[in-house]
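Read through the structure below, which is laid out as structure tokens, and then see the notes.
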Amino acid sequence: MVSDGNLVKQGLAKDIGVSNFSVKKLKEIIAAGSTKPVVNQVESHPYLQQSSLVEFCRDNKICVTAYAPLGSGDRPDSLTKLDEPTLLDHPTIKRIATKHQTTEAQVLIGWQLNRGLTVIPKSSNPDRQALNLASSALKLSENDMADIAAMDRHYRYLHGEFWMMEGSPYTLENVWDE
Ligand SMILES: NC(=O)c1ccc[n+]([C@@H]2O[C@H](COP(=O)([O-])OP(=O)(O)OC[C@H]3O[C@@H](n4cnc5c(N)ncnc54)[C@H](OP(=O)(O)O)[C@@H]3O)[C@@H](O)[C@H]2O)c1
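The UniProt record's numbering numbers the first residue of the sequence shown as 1 and each following residue consecutively.
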């Protein structure tokens, strides 16, 4: 068994990516002298902007990829809370979409690109896939960015309870380190 860092050293992998790593976990692997990941895939959208993690990753040249950028609306019922806020219907997102004559999803995707993240919206619909791809053309103003920044409420759609099965080392505290 070899560690992921050894796979890079042996030329078997070009780079290492991680997912759901906090600043604490990234610091730990960097301090341990492991191969530094080039990407960290985490949940991010206007309700969970992850600004300090994004800043840490920027300073350490780690690309951040935003998952669940549209609010992950097709999760199974067992992973959905009845009172969770919707993103696509938020008045700020709707207003910015109307102003730019685009869709709410394109605002949510374009916002991530405008702040320098990569973003992976999921769609099984070819028309929506094409619309989502076209989000890269959206240029948001400083005011638009500030209005969306004001939506942060540290809200996770994916709380991570599904990793906390019997025998798992994860708890709600140590999975997010917060
Ligand atoms: N690393 C991790 O731990 C982790 C965790 C969760 C998710 N992910 C990955 O992140 C990616 C995206 O996350 P996600 O699927 O949870 O959430 P998401 O992309 O935020 O939301 C997907 C939902 O949005 C709908 N949608 C897509 N484009 C739309 C549009 N233009 N207008 C309106 N609705 C639209 C989709 O429906 P339709 O398909 O019908 O268009 C689907 O119901 C996936 O590839 C997933 O595997 C990674």
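All C-beta atoms, glycine included, are put in the ideal place defined by N, C-alpha and C.
| Asked | Found |
| --- | --- |
| Taking C-alpha atoms, which residue in 170, 157 and 164 lies nearest to residue 75? | 157 |
| Looking at residue 53: is its Cβ nearer than 8 Å to the Cβ of residue 23? | yes |
| Once DSSP output is grouped into helix, strand and coil, what is the label at residue 38? | coil |
| With distance defined between alpha-carbon atoms, name the residue in 163, 94, 38 and 144 nearest to residue 59. | 38 |
| Mind pulling the beta strand (DSSP E) runs of 3 or more residues that sit fully within the UniProt domain "NADP-dependent oxidoreductase" (7 to 151)? | 17 to 19, 39 to 43 and 63 to 67 |
| Any heavy atom of ligand 1 closer than 7 Å to the beta-carbon of residue 103? | yes |
| Check whether the Cβ of residue 13 lies closer than 7 Å to any heavy atom of ligand 1, and answer yes or no. | no |
| Between residue 96 and residue 81, what straight-line distance do the alpha-carbon atoms span, to the nearest angstrom? | 27 Å |
| Across the region 112 to 124 and the region 12 to 27, are there enough close Cβ pairs to call them in contact, namely three or more that are closer than 8 Å? | no |
| Flag residue 95 as yes when its Cβ comes closer than 7 Å to any non-hydrogen atom of ligand 1, and as no otherwise. | no |
| Can you find at least 3 beta carbon pairs, one from the region 158 to 178 and one from the region 138 to 146, that sit closer than 8 Å? | no |
| Mind checking whether the beta-carbon of residue 47 lies closer than 7 Å to any heavy atom of ligand 1? | no |
| Using only the alpha-carbon positions, how far apart do residue 44 and residue 83 sit? | 19 Å |
| Along the chain, where does the alpha helix (DSSP H) that runs through residue 173 open and close? | 172 to 176 |
| Helix, strand or coil for residue 161, going by three-state DSSP, please let me know. | helix |
| Below 8 Å between beta carbons: does that hold for residue 111 and residue 62? | no |
| If we ignore side chains and look at the alpha-carbon of each, how far apart do residue 66 and residue 51 end up? | 12 Å |
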